[in-house]
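**Q**
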Amino acid sequence: MKKTVLVLLFACTVTVAWGQSIPPFSLVLNPGATLPLGSSRDFYTLGAAVNLAANYTLPFAPLFYVSGHLEYDILPLATERSLSIFYAGIGAGVQYAVIPRLRVAAGGGGGFYLGIYGGETGPGAYVSAGAQATYQLSPTLSLGLGAGYQNCLAQPYSLFQGISVNLVTSFHLGGATRKPLLEVPRVEIQPIFPVLYKYYDDHPVGSVTLVNREKGAVEDVVVSFFISQYMEKPKICTVLTGLRAGEGVEVNLFALLNERILEITEATKVTAELTVSYDYLDAEWVKQETHTVRVFDRNALTWDDDRRAAAFVSAKDPSVLKFSKSIAGVVRSAGGTAVSKDFRVGLGLFQGLAEHGVSYVVDPKTPYAEFSTNALALDYLQFPRHTLEYRGGDCDDLSILYNALAESVGIETAFITVPGHIYSAFSLGMEPALAQKTFRSSEGLIFQDGKTWVPVEVTLLDQGFLKAWQAGARQWRDHLGSDQARLHPVHEAWRVYEPVGIVGSDPGIDFPPEGRLAASYAAELARFVEQEIAPEVARLQAQIEKLGESRAMNSLGVLYARYGLLDKAREQFQRVLRREAYVPALVNLGNIYLLEGDAAGAWEHFERAEARQPGNATVLLSMARIRYEQGDYAAAARYHDRLADVNLQLAGRHGYLAAVKDTNTRAAATDMEGLVSWEEED
C-alpha cells in the first residue's frame, strides 16, 4: 500500500514562548474545498471540508510539532447523493519562519475514518500529506492558506482520494501571555547616598544591558526604574525607537527619590523594580525584574568628587538661619565700613562659632586626612544643624557649617582642598582689582574667575579669625605651586549636587549672648584694622610731614574710610579742603555724609566737585544715586546719561539708575555702603 503523510491543518506563529519560536499550543480551524483524484473522479464532484486541529510544538525541538485533529468532509456524488466522511487522526511535521511573521510548514500522518452513505456506515484507515503558509496578525491569531492530499484506504479501491485547498485560521493558546524574549543579561545598580537623592534624577544610579532575542525588530522600548517607599512613581530612564533582532544596547538608570530617604540613619537594603516594555508583533510586552539595592545612611559620603560636600551645605535650615541672622544683626549694629559688609559678616560668623563653643574634634573612625586619599572609603559627615547642636566636628563638618552660615546670609562660599585636608573660603563681593587696592597685601587672598576669596582655616576656632585666615592662606600658597590646592565654589557645586535639608524639630540651640559676641567681634575687627593699616598709615603720615601733599592726606583719609574709621577719615578730608578745593577730597567727604544718612550734606559736596570737574565719573554716579534714592528718577536718569557719555562701562553696571521706579532694584540699591566710591589720584 502506498504510504503518505497526513497534513494536519495548523497555524504557525512567530510568537515566542520561553525557549521556543512559537507558542506551545495552537487551535486551528480550516474550512476548505476538496477535489477528487484518480478513480474518485468517476464518482465524486467538488466537495467541502472543515478541519479542527490541535498542535503542540516540541519544547526541545521547536522546528517540529505533533498534532491531533478532527475533520468532516461532504462529497457530492454524480447520482445527486453525497458521501459524508468523519476523520480522527494524529500526525507530525516541521515548521520554519521565513520572516518574523511569515511561517511555512509541511507534515503528515494518519488515522481512522467513518463513511456514511444512504444510512449505511463503513470504517477504514486513511493517510494524507500537505503544506501551508501562515501570517501572524497578532500574538493570538494567524491566517493563511494550505493544500494537501488525502487517501481513504479500502479494498479493492480507495473510498476516496483527492486534494484540498484550505483557509487556515490559527488561535495560539498562550500567545498573548508568553514571556518576552528581550533579555537583560547585565544589571548594575550602585549604592545610593541619601544626601545625593536629588542628584540621581539626572545622573545615573546604575546601568543595564538590553539584548533583543525576539525573531524580529522590537519598537518603542521603554526602561523604567522604581524603588518603593522612596519614589512616588517609576522613573522613565530611556525610550528607544527600536532594536533590531540580536541587537544589544546599554541604558543608564535614574531615580527621582523623595525626601523620605533622608530618614535612613543606618545603612539598609531596599527592593528596586526594573521594568522593560516594548512593542512586538503589534502587541506590548512587559518584562519586570526585582533587584536589591544598598542604601547608605544619610550622613554617608565618599570623596571621589570633593564637590559632593556642597550637598550638606543646607543654608535654608531653620537652625542655620537663626544663628547666622543673629550674628549678622550684631555686625550691623556694630556699624563700620571696614573692607566690605561680606568681610565683616564672615569675620563675625567665625567669632560667633567660637563664642558658641564649637571646637575641632577629629573623628577617630573616619578622619578626613585618611579617607580623602581613598575615593571609595565611606566617610561620615554632619549636617550643619547637628554640628551646631553637638558643638564639634572634624574639618569637613566645620567647613560645611561655616559655609552654610555664610550662604544663608547671602555670602558666596567655597571649599578648599589640599592633600589630607578641607577648609572654607568666602567671597568678599569685590573684584580682584579693588581688593588689591583695598588690602595692604594680597598674599592672604585668592583670586579666581574674577572673584576675591578669603580662605579660612575653620579648625582654628579657638585662635581667632585672623590666625585662621593666615593659616588658610598659607596652606593655599604652600600647595598651589605643586598644583595640589583646589577651590570649589559652592554655587558651582550646587549645579550638580543640590543642597538638602533634614526635617525634624528645632534642636533648641542656645546662642551666645549678644553682648559677648559683639565684644568678640569688635576686638577681632580692631586687631585686623590695626594690623592691616598700621604700616600704610605710618608711610602716608611720613609723606605728609615731609611734603604736605593734599594727595597723601586724601589717601590717608581713604585708607581710614575703607576700614570704617570714618572720624579719622573726615579729619583728613577736611584738612585737605581747608587748604584747597581738592576734588577727590570733596567726593570722599560727600561719601561720608552719604554713609551717615545726610543726603543734603553729601549733595553739597558733590555739587562743588561737579562744578570744578564736570566730567568726573564718580561724581556723576554719586549724584545719580542720591536722586534715585530720593525718588527723583527723571533727574537720576539725566545724571546717568551724562555718566554714559564719559564712562559707558560704569554706566552699564548701574543701568537701574536710568530706569523707572523698580521696588526690587531700589531695595538692592539702598545699601549705602555699596553706593560709595572712594576717590584717589593715581
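Per this note's numbering, the very first residue in the sequence shown carries number 351; after that it's consecutive. For each residue, glycine too, the CB sits at the ideal point set by N, CA and C.
#1: For residue 581, write down the residues that DSSP places opposite it in a beta bridge.
#2: Quick one: grab the DSSP three-state call for residue 958.
#3: Please state if the CB of residue 779 and the CB of residue 664 are separated by a distance shorter than 7 Å.
#4: In chain order, what residues of the same chain lie with their CB nearer than 6 Å to the CB of residue 792, ignoring the 5 residues before and after it?
#5: How about the stretch 827-835 and the stretch 659-677: do they share at least three Cβ pairs that are nearer than 8 Å?
#6: Are the CB atoms of residue 593 and residue 568 within a distance shorter than 7 Å?
#7: Could you check how far apart the C-beta atoms of residue 658 and residue 617 are, in whole angstroms? I think they sit under 8 Å.
#8: In terms of alpha-carbon separation, which member of 522, 596, 577, 520 lies closest to residue 531?
#9: Using a Cβ-Cβ cutoff of less than 8 Å, which residues in the same chain neighbour residue 811 once the five nearest sequence positions on both sides are dropped?
#10: So the alpha helix (DSSP H) residue 939 belongs to, where does it begin and stop?
#11: Can you pull the DSSP bridge partners for residue 516?
#12: Less than 7 Å between the C-beta atoms of residue 759 and residue 825, yes or no?
#13: Hey, would you say residue 776 sits closer than 7 Å to residue 756, going by beta carbons?
#14: Could you give the uninterrupted runs of the alpha helix (DSSP H) lying entirely in the stretch 606-693, keeping only those of 4 residues or more?
#15: Any Cβ of chain D within less than 7 Å of the Cβ of residue 741?
#16: Just to confirm the assignment, what range does the alpha helix (DSSP H) spanning residue 862 have?
#17: What residue does the alpha helix (DSSP H) around residue 853 start on, and which one ends it?
#18: Determine, using beta carbons only, whether residue 872 and residue 688 come nearer to each other than 7 Å.
#19: Along the chain, where does the beta strand (DSSP E) that runs through residue 395 open and close?
#20: Helix or strand or just coil, what does DSSP make of residue 570?
#21: Just verifying my parser: in three-state terms, what is the DSSP assignment at residue 405?
#22: So for residue 411, helix, strand or coil by DSSP?
#23: One question on the structure: do residue 967 and residue 996 come within less than 7 Å of each other, judged by their Cβ atoms?
#24: Less than 6 Å between C-beta atoms, sequence neighbours within five positions excluded: which residues of the same chain meet that for residue 647?
#25: Apart from the five residues just before and just after residue 473, which ones in its own chain have a Cβ nearer than 8 Å to its Cβ?
#26: Per DSSP, residue 602 is paired with what?
#27: Roughly how many angstroms lie between the CA atoms of residue 482 and residue 635, to the nearest whole one?
#28: I'd like the span of the beta strand (DSSP E) that includes residue 565, first residue to last.
#29: Flag this pair as yes or no: are the beta carbons of residue 563 and residue 538 separated by less than 7 Å?
#30: On the criterion of 16 or more Cβ atoms from any shown chain inside 10 Å, does residue 640 qualify as buried, or is it exposed?
#31: How would you write the range of the alpha helix (DSSP H) that residue 916 sits in, first residue to last?
#32: Okay, do the stretch 410-422 and the stretch 433-442 touch, 3+ Cβ pairs below 8 Å being the bar?
#33: First and last residue of the alpha helix (DSSP H) that includes residue 819?
#34: Using beta-carbon positions only, say whether residue 936 and residue 958 come within less than 7 Å of one another.
#35: Alpha carbon to alpha carbon, how far is residue 985 from residue 1000?
#36: Could you have a look at residue 453 and say whether DSSP puts it in helix, strand or coil?
**A** Straight from the coordinates:
#1: Taking the first residue of the sequence shown as position 1, residue 581 is located at position 231. Paired residues: 607.
#2: Walking along the sequence shown from the start, residue 958 turns up at place 608. In the structure shown, residue 958 sits in a helix (DSSP, three-state: H, G or I).
#3: Numbered from its first residue, the sequence shown carries residue 664 at position 314. Numbered from its first residue, the sequence shown carries residue 779 at position 429. Cβ distance not < 7 Å, so residue 664 and residue 779 don't count as in contact.
#4: As a first step, residue 792 is located in the sequence shown; it is residue number 442 there, counting from the start. The answer, listed in chain order, is 786.
#5: no
#6: In the sequence shown, counting from the first residue as 1, residue 568 sits at position 218. In the sequence shown, counting from the first residue as 1, residue 593 sits at position 243. A contact, by the Cβ cut-off of 7 Å.
#7: Translated into the one-based positions of the sequence shown, residue 658 becomes position 308. Translated into the one-based positions of the sequence shown, residue 617 becomes position 267. Incorrect: roughly 17 Å between the Cβ atoms, too far for contact.
#8: Residue mapping note: residue 531 aligns to position 181 of the sequence shown, counting from 1. Answer by Cα proximity: 596.
#9: Against the sequence shown, residue 811 aligns to sequence position 461. The residues are 700, 703, 704, 708, 709, 710, 748, 818.
#10: The sequence position of residue 939 within the sequence shown is 589, counting from 1. Where residue 939 is concerned, the enclosing alpha helix (DSSP H) stretches over 933-945.
#11: Counted from its first residue, the sequence shown places residue 516 at position 166. BP columns for residue 516 point to 382, 496.
#12: Counted from its first residue, the sequence shown places residue 759 at position 409. Counted from its first residue, the sequence shown places residue 825 at position 475. No.
#13: Numbered from 1 along the sequence shown, position 426 holds the residue referred to as residue 776. Numbered from 1 along the sequence shown, position 406 holds the residue referred to as residue 756. Yes. Within cutoff.
#14: 668-684
#15: Going by chain labels, chain D is absent from the structure shown, which holds only one protein chain.
#16: Translated into the one-based positions of the sequence shown, residue 862 becomes position 512. Counting along the chain, residue 862 falls outside any alpha helix (DSSP H), and DSSP gives it neither H nor E.
#17: One-based indexing of the sequence shown puts residue 853 at position 503. Run containing residue 853: none; DSSP gives neither H nor E here.
#18: Taking the sequence shown and counting its residues from 1, one reaches residue 872 at position 522. Taking the sequence shown and counting its residues from 1, one reaches residue 688 at position 338. Against a cut-off of 7 Å, the Cβ pair of residue 688 and residue 872 comes out as no contact.
#19: Along the sequence shown, one-based indexing puts residue 395 at 45. Here residue 395 belongs to no beta strand (DSSP E), and DSSP marks it neither H nor E.
#20: Residue mapping note: residue 570 aligns to position 220 of the sequence shown, counting from 1. Of the three classes helix, strand and coil, the one that applies to residue 570 here is strand, per DSSP.
#21: The residue labelled residue 405 in the question sits at position 55 within the sequence shown. Strand at residue 405.
#22: Sequence index remark: in the sequence shown, residue 411 carries index 61 (1-based). Reduced to three states, the DSSP call for residue 411 is coil.
#23: The residue you call residue 967 lines up with position 617 of the sequence shown. The residue you call residue 996 lines up with position 646 of the sequence shown. For residue 967 and residue 996, yes; Cβs fall inside 7 Å.
#24: Position 297 of the sequence shown holds residue 647. If we look at residue 647 and ignore the five residues flanking it on each side, its Cβ neighbours are 614, 615, 616, 617.
#25: Position 123 of the sequence shown, counted from the first residue, corresponds to residue 473. Closer than 8 Å at Cβ, skipping near neighbours: 462, 463, 464, 465.
#26: On the sequence shown, residue 602 is found 252 positions in, with the first residue counted as 1. Beta-bridge pairing links residue 602 to 557.
#27: Against the sequence shown, residue 482 aligns to sequence position 132. Against the sequence shown, residue 635 aligns to sequence position 285. In a straight line, the C-alpha of residue 482 is about 28 Å away from that of residue 635.
#28: Within the sequence shown, residue 565 is the residue found at index 215, counting from 1. Element bounds for residue 565: n/a, residue is neither H nor E.
#29: Here residue 563 refers to the residue found at position 213 when the sequence shown is read from its first residue. Here residue 538 refers to the residue found at position 188 when the sequence shown is read from its first residue. No, the Cβ-Cβ distance between residue 563 and residue 538 is not below 7 Å.
#30: Here residue 640 refers to the residue found at position 290 when the sequence shown is read from its first residue. Label assigned to residue 640: exposed.
#31: By one-based count along the sequence shown, residue 916 stands at place 566. Unbroken alpha helix (DSSP H) run through residue 916: 916-927.
#32: yes
#33: Counted from its first residue, the sequence shown places residue 819 at position 469. Run containing residue 819: 815-830, per the alpha helix (DSSP H) assignment.
#34: For this step, residue 936 is matched to residue 586 along the sequence shown. For this step, residue 958 is matched to residue 608 along the sequence shown. Their beta carbons are under 7 Å apart, which means residue 936 touches residue 958 by this criterion.
#35: Here the question's residue 985 lines up with position 635 in the sequence shown. Here the question's residue 1000 lines up with position 650 in the sequence shown. Cα-Cα distance, rounded: 18 Å.
#36: The residue you call residue 453 lines up with position 103 of the sequence shown. Of the three classes helix, strand and coil, the one that applies to residue 453 here is strand, per DSSP.
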